[in-house]
Every structure is written in C-alpha cells, then in structure tokens.
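Enquirer: Once you've had a glance at the structure underneath, I'll fire off some questions.
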Amino acid sequence: MTAEYNPKKIEESAQKKWIEDGRFEAKPDDREKYYCLSMFPYPSGKLHMGHVRNYTIGDVISRYKRMNNFNVFQPMGWDAFGLPAENAAIANEVSPKEWTNDNIEHMKQQLISLGLGYDWSKELRTCEPKYYKWEQLIFKKFFEKGLVYKKKSLVNWDPIDETVLANEQVIDGKGWRSGAPVEIKEIDQWFIKITDYADELLSSLNEVDWPENVKTMQENWIGKSHGAEIKYQIKDSEEYLTAFSTRPDTIYGVSFVAISPNHKIALNLSEHDKKIESFLKQCKETSSAEADMAKAEKLGIDTGMKVIHPLTDEEIPVWIGNFVLLDYGTGVVMGVPGHDQRDFEFASKYNLDIKQVISSSTNDELPVLTKGILLNSDKYNDLDSDSASKKIIEELSEKKLGEGLIQFRLRDWGVSRQRYWGCPIPVIYENGDAKLVEENELPVVLPELPKDSPPIPLSQNEEFYKISDGIERETDTFDTFMDSSWYYARFTSADNDSEIFDENSKYWLPVDLYIGGIEHAILHLLYSRFFHKALRDMGMVEGNEPFKKLLTQGMVLKDGTKMSKSKGNTVDPQSYIDKYGADTVRLYMMFTAPPEQSLEWSESSVEGASRFIKKVWNLVICRNYEDINIPDNFSKEELDLRRKTHTTLKKVTNDFETRFSFNTAIASIMELLNAIPDDFKDKDASNSKKYCLNETIIIILKTLNPIAPHVSEFLWNHFYNLNAPEEIESSWPKVEDSLLEVSEFELVIQINGKVRGKTTARIEDTQNQIEEMAKKIENVAINLDDKNIKKVIYIKGKIINFVI
RNA sequence: GGGGAUGUGGUGGAACUGGUAGACACGCUUGGCUUAGAACCAAGUGCCGCAAGGCGUGGGGGUUCGACUCCCUCCAUCCCUACCA
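Quick note: the first sequence uses numbering that gives the first Met the number 0, first residue 0, plus one each step.
Here it is in structure tokens:
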C-alpha cells in the first residue's frame with residue numbers, strides 16, 4: 000500500500016503552513032546573519048524561466064544556510080516603474096498603476112507557489128510613494144553634497160509622436176511606433192556625478208568576492224587611462240581645440256583633428272555653410288547608442304579650418320567626424336592614422352596623410368597599434384613610447400599647450416527621463432532657478448492619470464507642474480536604475496515609515512550574497528555601488544560595498560538563444576508548476592546546469608526530475624521504522640552503503656558550500672539512491688540493514704530539503720515522526736569521517752600516457768611494489784614487450800605511467 | 001567597433017589542483033510486466049571497425065611522461081555597450 004505522490008496537495012499545505020508560522024520572517028538575533036538577495040523583478044505580467052532559475056538558486060542557498068544555523072534574511076520586492084507599463088497602458092487601456100499592481104499580485108502568487116522562502120513582511124514596490132519618498136530625499140542630499148548638476152544632453156526624438164525614445168524604441172533609425180526617422184535632440188537634463196567616485200569604484204573592487212569576469216567588465220567600463228590633454232591653437236585665432244589622447248608619443252603622427260558634430264564650433268560653422276549644415280543633419284539620423292555608432296560608416300567633412308600643431312607648428316586640417324562623442328573627453332580627437340585603426344580607415348577614405356612615427360617589431364604594415372620606438376619625431380627619435388610620452392608631456396606643459404591627465408571612460412549618470420511612469424524629480428523652478436523640494440514636503444507624488452487617458456508625460460500635465468505664475472515643478476522623472484540602486488538597503492527597514500534606514504539596517508547590511516543575471520554585470524551593479532559609497536559618505540550606511548559576494552546566473556535559452564516574446568520561443572514556467580509541482584521545477588532548474596552557465600531548456604529532462612522525486616517518495620513512503628536499534632557491528636555490504644552515504648554527504652556539502660554546484664550535488668544524491676541494494680529495502684530485512692537504510696534516507700531527505708523543500712519536509716514528517724522530534728530544516732547533517740577511510744584503490748596503468756590496464760592496489764604500497772604488480776598485468780606485459788623503460792611516473796593512489 | 005563569456009556523445013551536462021574523458025540525467029535499442037498502451041523494472045548505448053585495434057572534448061599549432069584543463073592562433077555562438085530591465 001503506497002500513497003500516490005500528489006505535489007499540488009503537499010505543496011499548498013506546506014506553503015500555507017510556512018506563511019502561518021511566519022517561518023521566513025527574520026529578526027536580528029545573536030546568530031551569524033546571512034542576507035541573501037536575488038535581484039527583484041520587473042513586474043512584466045508573469046514569471047519567466049530566468050526568474051524561476053534566479054529565485055530558486057537564492058532560495059536553495061538561503062535554506063541551506065538556515066540549516067547551518069545562520070539567521071537568514073531573504074526579502075522580495077518589485078522594480079515597478081518603467082517603460083513596459085506605459086506601453087501596456089496604451090495597448091490595453093489600463094493605467095500603468097493598475098497594470099503594474101495586477102501583475103505584482105499575480106507574480107507574487109507564483110513566487111509563493113514555487114515555495115520560495117521570502118520574508119514578505121518586508122516587501123516593497125518602487126512605484127509607491129512610501130518607497131520613492133526616500134529616493135527623492137537621497138537625491139536632495141546628493142544635490143546638497145554637490146553630486147548633482149544639470150547639463151544639455153542628447154536624446155532620441157520622435158518628431159511625429161513628439162516624445163523622447165529609448166534606444167530600444169529606435170529601430171533602424173526610426174521610431175518604433177511612428178516609423179519616422181529619429182532625430183538626435185539636445186535637451187537640459189539632470190546628471191549625477193558618479194565620476195567623482197570613479198577611482199574608488201575601481202579600487203574597492205578588491206574588497207568584494209565577485210566573479211573575476213564581472214570585476215574585469217567593471218574595470219574596463221570605468222576605463223582609467225593615463226594620457227594628456229593637448230591644445231591645438233586655431234589658426235588666426237586666440238582659441239584652442241583641446242584633445243585628449245592616451246598616446247602623446249604619437250603626436251608627430253597627427254594629420255588631422257576631428258570634432259564632434261555636436262561641438263559648438265561645428266554648430267557655428269553650420270550656420271554659414273550649407274554643406275556642413277547638411278552633414279550635421281545627416282549625423283543626427285544615427286542612433287546615439289554606442290553599438291550603432293560603432294557599426295555606422297565613419298563619415299567626415301573638412302571644415303576648412305586649420306589648427307597649429309603644438310610641437311611642429313604645422314597646419315593641421317580640422318574635420319567633423321560622426322564617430323566623435325561630445326560626451327566623452329572634450330569632444331575633440333587628434334587623428335593619428337599611422338597608429339590607430341579607426342583614424343587609419345578615416346584617413347584612407349578621405350586621403351589624409353598617414354605618417355609612421357612608431358617602429359614596428361614585426362612587420363611594417365600600418366597601422367602599427369603597439370607601443371615601440373619613436374621615429375620621424377624630431378628630437379624624440381629612438382626613445383621608447385613610455386619615456387617619449389613623458390618627455391612630450393613635459394615639453395607641452397612648459398609651452399602651456401598641454402598637460403598629463405588621467406581620464407576615465409566612465410561618464411556622469413544622466414538620470415532624467417521625459418516619461419510618465421517613474422519617480423518625479425523633486426525640484427521646483429522659481430523663475431527658472433532650480434530648488435530642491437523641502438524634506439517635509441516629500442514625497443512629490445506622481446499624479447494619477449485622467450480617466451481613459453494614455454500615459455502623458457508630466458510636461459503635458461499642467462495641473463501637476465504649474466504651482467503659480469513663474470513657479471513650476473520639474474517634469475522629468477528618474478531613470479529606473481535610480482529605483483533599483485538602493486532597494487537592497489531599504490529592504491532592511493522596509494516597514495519603517497519614519498526612517499529611511501534603522502537599527503535593523505545596521506544589523507543586516509551589507510548583502511552577503513547577491514544573485515542575478517549576468518546582463519546586470521555593469522550598469523545596475525555599478526550604480527548600486529556608487530549609491531552605497533555616496534550614502535556612506537552622508538553617514539546613512541556603513542561599509543564600502545553593498546554586495547559582499549556576487550553570483551551571476553546564466554540565461555535560460557531555448558534553441559540556443561535567449562527566450563523572448565519576439566522570437567516566440569518562450570516557455571511558461573506556470574504550466575510546469577501546475578503539471579509537475581514546484582519541487583520538480585526547482586530540481587530540474589538546479590540539476591540541468593551549473594548556476595553561472597546558460598541553461599538550455601529541455602522538455603524531457605523535467606520528466607526525469609519528476610521521476611527522481613517519485614523514486615524518493617516510493618522509497619520513503621512505505622517504510623515503517625519502529626524499533627530499530629543501533630547495531631554493534633556492520634557487514635561489509637552495510638559498511639559500503641554507510642561509506643557511500645557519507646562520501647555523498649561530504650560531496651554535497653562541499654558542492655553547496657564552496658561551489659554553488661547544485662547540479663553535481665543532485666547527481667551524487669541520485670547516485671546514492673541508485674546504490675541502495677534491494678535487500679536493504681525488504682520488509683523483513685535485518686535490524687542492521689534497516690538501520691543503514693534509515694541513515695541513508697535521513698541524508699537524502701536532508702540534503703534534498705533546500706532544493707525540493709515541500710516533498711522532503713512531508714516525507715520527513717511522515718518518516719521521522721516516530722523516531723525523533725527534530726524538524727528537517729533545523730540542521731544540516733554531519734559527515735562521519737571515520738567511515739570515509741579506504742585502504743584500496745583502482746590503479747590505472749598507462750604506457751606512454753595510454754591506458755593499458757587496471758588493477759586493485761593498496762594505498763600504502765611502495766612505488767616498487769606497484770611497478771612490479773603493474774608489469775604482471777597481461778595487456779601491460781604485451782605492450783611493454785621487453786622494451787627499454789625510460790621513465791616511470793607514479794601518482795599515489797591514482798596512476799602509474801611507463802614511458803618507453 | 002569595444003568589453004566579457006561559452007564551445008565535450010543524438011541532448012542537458014560531469015571530470016573541483018595537469019593524471020581512467022563522457023559521472024548523473026534525457027533520449028534511443030532490447031527484454032520483462034500488460035489484451036494493448038501508459039507507468040514501472042532489467043540490460044545496453046561516444047564514433048569507426050566482424051575483430052584486433054584506431055579515433056575522439058569547435059579548427060590549427062605548441063608545452064608535457066600525460067592536456068577538456070596551460071600557452072599561441074583562427075572560427076562560431078551568446079551577453080553588455082550608458083534611455084529595456
């Protein structure tokens with residue numbers, strides 16, 4: 000008589016109990032704390048596979064830590080502002096708020112049905128005034144600290160819809176809705192001086208336990224480079240064009256200077272020159288996204304202007320180049336076609352001089368991109384690049400035509416968005432002067448939309464922005480990266496409406512483990528790190544870094560590409576939860592690939608996960624373990640099972656603890672289950688066999704608990720109620736080291752690195768004994784064939800290799 | 001264009017520190033159970049070959065007694081590229 004495994008029933012009752020007991024609600028106590036955070040989702044409607052994977056990883060680790068007596072805090076919330084809500088509002092005629100909140104309610108139920116152990120008492124939603132009130136306060140404090148300023152900056156402008164478009168809304172240079180060619184427009188926007196922290200953002204990467212690739216990506220993004228600012232006097236003028244270069248050693252190779260199409264000189268020239276005017280118009284049609292710009296054909300136009308080379312006094316032509324960014328450096332670059340790929344292509348196209356000023360160690364073909372020895376460089380000839388750079392900077396400094404400079408690739412963070420569904424920027428303009436809204440008047444609440452209205456930007460909502468004559472509110476909203484840059488800290492005091500961070504924050508911060516998609520490796524993580532440092536400097540949080548350890552999980556793919564609606568290759572996790580239960584979906588997710596790697600969705604493997612759970616169910620459900628005594632001694636077969644049980648436990652513990660390698664942990668639990676001999680499962684098996692099986696079942700259920708918590712807890716309570724009072728999640732089992740010792744091993748015998756035989760040997764055998772034994776193996780003897788043995792390599796406990 | 005990854009059977013993956021390549025699972029084949037099917041159980045399953053044996057971790061080269069692992073080079077795919085989140 001075996002009861003049928005019914006995941007729906009088991010899971011619903013377990014989830015209900017967990018919530019009733021408040022099992023995952025965390026309070027500071029004297030245990031070691033563990034703040035485990037998974038990146039909160041954008042409430043797009045329903046969970047996708049990436050969420051399921053991310054949150055299962057976090058939950059497995061949280062449950063494992065809880066079993067190891069950590070005080071675990073695992074909260075969840077919603078990154079609730081953003082573009083899709085506005086799109087949905089237009090498409091479905093619901094307000095962004097309604098749409099967002101409906102989605103949250105649905106997705107929250109999905110998270111609960113996955114058995115994720117969140118502390119829902121700390122749930123937060125970024126679109127609620129009680130959250131963004133504090134964000135507005137932080138912005139005010141940033142402003143007071145001098146970290147905020149306004150400047151003109153470029154946006155994609157849709158001339159038909161008269162709106163600013165996000166890069167993803169620009170398709171082949173056209174607005175996605177209107178189809179009109181997008182224009183690049185310059186408007187006044189709010190910026191945050193993240194560059195003030197550039198150096199520290201770089202150096203304190205040493206303090207965190209993050210994957211090396213993420214650290215490298217951040218390093219390269221911040222991009223600290225040593226170089227020089229070099230001033231080129233404009234001919235017949237007192238003015239200069241200042242260019243930054245990391246290669247001042249190539250200064251004798253400069254054959255043109257290129258300025259950005261948005262540089263004020265270019266704009267001035269276009270007023271009197273039709274050709275330049277039409278060129279600038281053409282430039283405005285290229286999307287401002289970096290990837291698009293890089294792919295776009297490099298175009299330029301000669302301004303006819305000349306500048307004076309600071310060392311040779313030669314006249315150099317000034318061009319306008321569509322590849323020069325105004326926002327980066329000075330908006331001016333010096334063109335060295337002999338030693339820069341892009342400049343080389345540009346010069347070849349427009350027949351500009353290409354001079355070699357650095358020797359090449361390998362071949363003479365230009366451009367030579369490596370450093371080397373200078374030539375054609377007057378008195379600097381024969382110096383190496385580095386010392387030449389130094390001396391050239393000295394000369395430029397003396398002439399007051401340049402200076403050595405450290406430059407960052409990182410640019411200040413533009414936080415203004417001209418949209419409705421976002422956090423209002425708390426600024427009031429009095430006759431054009433910007434003033435921050437007083438603290439006691441926060442929050443500036445996002446106005447409700449008029450009934451049946453599409454989401455109109457705040458700039459079209461006079462009721463919102465007009466306070467009185469000459470006094471108006473700011474109508475930009477914040478970039479949603481602002482919302483997600485500090486939520487990790489707010490979780491720790493999410494239920495406190497009188498303080499942004501409180502005593503609990505001190506206890507829980509920093510986040511011990513942060514888990515999320517690799518796609519956030521740069522922007523989100525960099526902004527959050529910046530926020531933490533700025534908040535620290537304002538005395539609001541402690542420590543230098545928000546996230547101690549980082550786990551970046553790979554994408555869930557189908558047919559080799561990211562699941563997406565546009566490709567029509569999405570798989571809805573809900574149907575699998577409904578069909579197989581949450582435990583199976585969790586087990587599948589953890590078994591199919593290691594967390595950092597991308598996971599290829601496979602329908603039939605889900606079936607396999609379900610089968611394994613049923614096997615465990617069938618093993619445990621029909622057992623009756625009354626009256627088992629501790630045996631005095633064990634047979635060899637019994638000891639073998641006990642050894643297998645404890646080596647498995649050791650491996651699983653190691654996989655959880657040091658590698659987050661859940662797929663191999665699960666594989667070894669499966670192996671253990673397969674290793675139980677049939678006669679141990681007999682109803683009338685001996686007491687000692689039952690004892691060993693008992694031990695194995697305990698370890699299987701315990702180690703499975705973080706991954707498949709519902710079924711393991713159910714079976715535990717069923718199986719264990721007679722034997723002990725312990726709750727399954729109360730402790731992680733201990734390895735009995737004495738059971739692990741082995742005296743024999745399988746010796747592999749190689750000849751010239753090829754396997755020619757295997758035999759059983761004892762660990763304590765000497766190399767000589769091993770050699771003699773190996774030579775007697777038939778296939779080894781045939782292959783050795785009296786040949787001269789040049790060398791013998793013996794790796795203890797593993798392998799012996801004869802070199803002939 | 002720049003930056004970061006990945007590449008192993010029919011499939012997902014394992015091999016953690018340079019030491020038996022393919023654990024575990026899916027699929028498939030055969031057999032058992034069944035009126036039949038599903039489910040379940042047992043055995044087999046990298047490729048070529050009747051076999052002996054040979055080949056084999058994206059391609060090419062190198063270091064080593066020994067390379068999925070280290071080095072060089074090429075190719076393919078994926079992610080990020082500052083207004084998707």
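All C-beta atoms in this analysis are idealised placements derived from N, C-alpha and C, irrespective of residue type, glycine included.
#1: Suppose the cutoff is 7 angstroms on Cβ atoms and the five residues either side in sequence are ignored; what does the same chain contact list for Lys566 look like?
#2: For the alpha helix (DSSP H) containing Ala760, list its first residue and its last residue.
#3: Going by C-alpha to C-alpha distance, which of Ala608, Lys139, Gly580 sits closest to Met589?
#4: At 3 residues or longer, and completely inside the stretch 239 to 280: list those beta strand (DSSP E) runs for me, N to C.
#5: Considering only residues of the same chain and omitting the five flanking positions on each side of Lys64, which have a CB-CB separation below 6 angstroms?
#6: Three-state secondary structure (DSSP) at Lys790?
#7: For Pro316, report the span of its beta strand (DSSP E) as first-last.
#8: At what residues does the alpha helix (DSSP H) containing Phe611 begin and finish?
#9: Could you give the first and the last residue of the continuous alpha helix (DSSP H) run that contains Ile372?
#10: Which runs of the beta strand (DSSP E) spanning at least 3 residues fall entirely within the stretch 202 to 242, listed in chain order?
#11: How big is the Cα-Cα spacing for Met0 and Cys621?
#12: Give a yes or no on whether the C-beta atoms belonging to Glu19 and His709 are separated by under 8 angstroms.
#13: Assign Met0 to one of three DSSP states: helix, strand, or coil.
#14: Since Gly818 and Asn102 are thought to touch, with beta carbons under 8 angstroms apart, how far apart are those beta carbons, to the nearest angstrom?
#15: Would you report the Cα separation of Arg658 and Glu344, rounded to the nearest angstrom?
#16: Could you say which of Pro593, Arg472, Asp291, Pro74 lies nearest to Leu508 if we only look at CA atoms?
#17: Could you spell out where the beta strand (DSSP E) holding Met304 opens and where it closes?
#18: Can you name, in chain order, every residue of its own chain whose Cβ lies under 8 angstroms from the Cβ of Val256, other than the five neighbours on each side?
#19: Which of helix, strand or coil does DSSP assign to Val741?
#20: Within the chosen definition, does the stretch 470 to 485 reach the stretch 76 to 84 through at least 3 CB pairs nearer than 8 angstroms?
#21: Gly337 and Leu365 - do their beta-carbons sit closer together than 8 angstroms?
#22: Helix, strand or coil: how does DSSP classify Pro45 here?
#23: Am I right that Phe190 and Val414 are in contact with their C-beta atoms under 8 angstroms? What's the rounded C-beta distance?
#24: For the 8 angstroms Cβ check, are there 3 or more pairs between the stretch 532 to 541 and the stretch 572 to 581?
#25: To the nearest whole angstrom, what separates the beta carbons of Thr715 and Ile727, a pair I think is in contact under 8 angstroms?
#26: Apart from the five residues just before and just after Leu373, which ones in its own chain have a Cβ nearer than 8 angstroms to its Cβ?
#27: Tell me which same chain residues have a C-beta within less than 7 angstroms of the C-beta of Asn68, skipping the five on either side of it?
#28: Closest to Glu122 by C-alpha separation, out of Leu700, Arg489, Ile300, Leu692, would be which residue?
#29: Give me, in chain order, the residues of the same chain whose beta-carbon lies closer than 7 angstroms to that of Lys465; leave out the 5 immediate sequence neighbours on both sides.
#30: Who pairs with Thr560 in a beta bridge, going by DSSP?
#31: Considering only the beta carbon of each residue, do Phe679 and Leu200 sit closer than 8 angstroms?
#32: With DSSP run on the structure shown, which of helix, strand or coil describes Phe633?
#33: Just tell me which of Gly756, Ser286, Lys107 has its CA closest to the CA of Met772.
#34: What's the gap between the Cα of Ser492 and the Cα of Glu502?
#35: Taking the alpha carbon of Leu82 as the reference point, which residue from Glu518, Phe661, Ala165, Lys173 has its own alpha carbon closest?
Expert: To lay it out plainly:
#1: Sequence index remark: in the first sequence, residue 566 carries index 567 (1-based). So the qualifying residues of the chain are Thr560.
#2: Mapped onto the first sequence, residue 760 falls at position 761. From DSSP, Ala760 is part of no alpha helix (DSSP H) but of the beta strand (DSSP E) over 753 to 761.
#3: In the first sequence, counting from the first residue as 1, residue 589 sits at position 590. It is Ala608 whose Cα lies nearest to the Cα of Met589.
#4: 239 to 244, 255 to 258
#5: Along the first sequence, read from residue 1 onward, the residue named residue 64 stands at position 65. Contacts found: Tyr33, Val71.
#6: Numbered from 1 along the first sequence, position 791 holds the residue referred to as residue 790. Note: Lys790 maps to strand in three-state DSSP.
#7: As a first step, residue 316 must be located in the first sequence, where it is residue number 317. Run containing Pro316: 314 to 320, per the beta strand (DSSP E) assignment.
#8: The residue you call residue 611 lines up with position 612 of the first sequence. 602 to 620 is the span of the alpha helix (DSSP H), which, as asked, contains Phe611.
#9: Counted from its first residue, the first sequence places residue 372 at position 373. No alpha helix (DSSP H) holds Ile372; DSSP gives it neither H nor E.
#10: 223 to 233
#11: Here residue 0 refers to the residue found at position 1 when the first sequence is read from its first residue. Here residue 621 refers to the residue found at position 622 when the first sequence is read from its first residue. Confidence in Met0 is poor, its pLDDT being 38 and thus under 50, which makes the residue's placement too unreliable to answer from.
#12: The count along the first sequence starts at 1 and reaches residue 19 at position 20. The count along the first sequence starts at 1 and reaches residue 709 at position 710. No, the Cβ-Cβ distance between Glu19 and His709 is not below 8 angstroms.
#13: Within the first sequence, residue 0 is the residue found at index 1, counting from 1. With a pLDDT of 38 at Met0, under the threshold of 50, the modelled position of this residue cannot be trusted; read the value that follows with caution. DSSP places Met0 outside both helix and strand once states are collapsed to three, so it counts as coil.
#14: The question about residue 818 has no answer here: the residues shown for the chain are numbered 0 through 803.
#15: On the first sequence, position 659 is the one that residue 658 refers to. On the first sequence, position 345 is the one that residue 344 refers to. The C-alpha of Arg658 lies about 47 angstroms from the C-alpha of Glu344.
#16: Start at 1 with the first residue of the first sequence, and residue 508 comes out as number 509. When only C-alpha atoms are compared, the closest one is Pro74.
#17: Locating residue 304 in the first sequence gives position 305, counting from the first residue. From DSSP, the beta strand (DSSP E) with Met304 extends over 299 to 307.
#18: Within the first sequence, residue 256 is the residue found at index 257, counting from 1. So the qualifying residues of the chain are Tyr231, Leu240, Ala242, Val306, Ile315, Pro316, Val317, Trp318, Val331, Val332, Met333, Gly334.
#19: Translated into the one-based positions of the first sequence, residue 741 becomes position 742. It is coil, neither helix nor strand.
#20: yes
#21: Counting from 1 along the first sequence, the entry for residue 365 is found at position 366. Counting from 1 along the first sequence, the entry for residue 337 is found at position 338. It is a contact, given that the beta carbons lie within the stated cut-off.
#22: Here residue 45 refers to the residue found at position 46 of the first sequence. Residue identity check: residue 45 is Lys in the sequence provided, not Pro. Reduced to three states, the DSSP call for Lys45 is coil.
#23: As a first step, residue 190 must be located in the first sequence, where it is residue number 191. As a first step, residue 414 must be located in the first sequence, where it is residue number 415. Indeed, because the Cβ distance is near 7 angstroms, the residues count as touching under 8 angstroms.
#24: In short, these stretches do not touch, since the Cβ pair count stays below three.
#25: Position 716 of the first sequence, counted from the start, is the residue given in the question as residue 715. Position 728 of the first sequence, counted from the start, is the residue given in the question as residue 727. Here residue 715 is Trp; the residue named in the question, Thr, does not match the sequence. Confirmed, Cβ separation roughly 4 angstroms.
#26: Taking the first sequence and counting its residues from 1, the one referred to as residue 373 is at position 374. Here the set comprises Asp248, Tyr251, Val356, Ile357, Ser358, Tyr379, Asn380, Asp381, Leu382, Asp383, Ser384, Ala387.
#27: Residue mapping note: residue 68 aligns to position 69 of the first sequence, counting from 1. Excluding sequence neighbours, Asn68 sits near Arg30.
#28: In the first sequence, counting from the first residue as 1, residue 122 sits at position 123. Checked all of Leu700, Arg489, Ile300, Leu692; the closest Cα to Glu122 is Arg489.
#29: For the purposes of this step, residue 465 is identified with residue 466 of the first sequence, where counting begins at 1. Within the same chain, Lys465 has close Cβ partners Glu471.
#30: Start at 1 with the first residue of the first sequence, and residue 560 comes out as number 561. In DSSP, Thr560 forms a bridge with Lys557.
#31: In the first sequence, the residue the question calls residue 679 occupies position 680. In the first sequence, the residue the question calls residue 200 occupies position 201. Cβ atoms of Phe679 and Leu200: not closer than 8 angstroms.
#32: Position 634 of the first sequence, counted from the start, is the residue given in the question as residue 633. Three-state result, Phe633: coil.
#33: Here residue 772 refers to the residue found at position 773 when the first sequence is read from its first residue. Among Gly756, Ser286, Lys107, the Cα nearest to that of Met772 belongs to Gly756.
#34: In the first sequence, residue 492 corresponds to position 493, counting from 1. In the first sequence, residue 502 corresponds to position 503, counting from 1. Between Ser492 and Glu502, the C-alpha separation is close to 8 angstroms.
#35: As a first step, residue 82 must be located in the first sequence, where it is residue number 83. Selected option, being the one with the closest Cα: Ala165.
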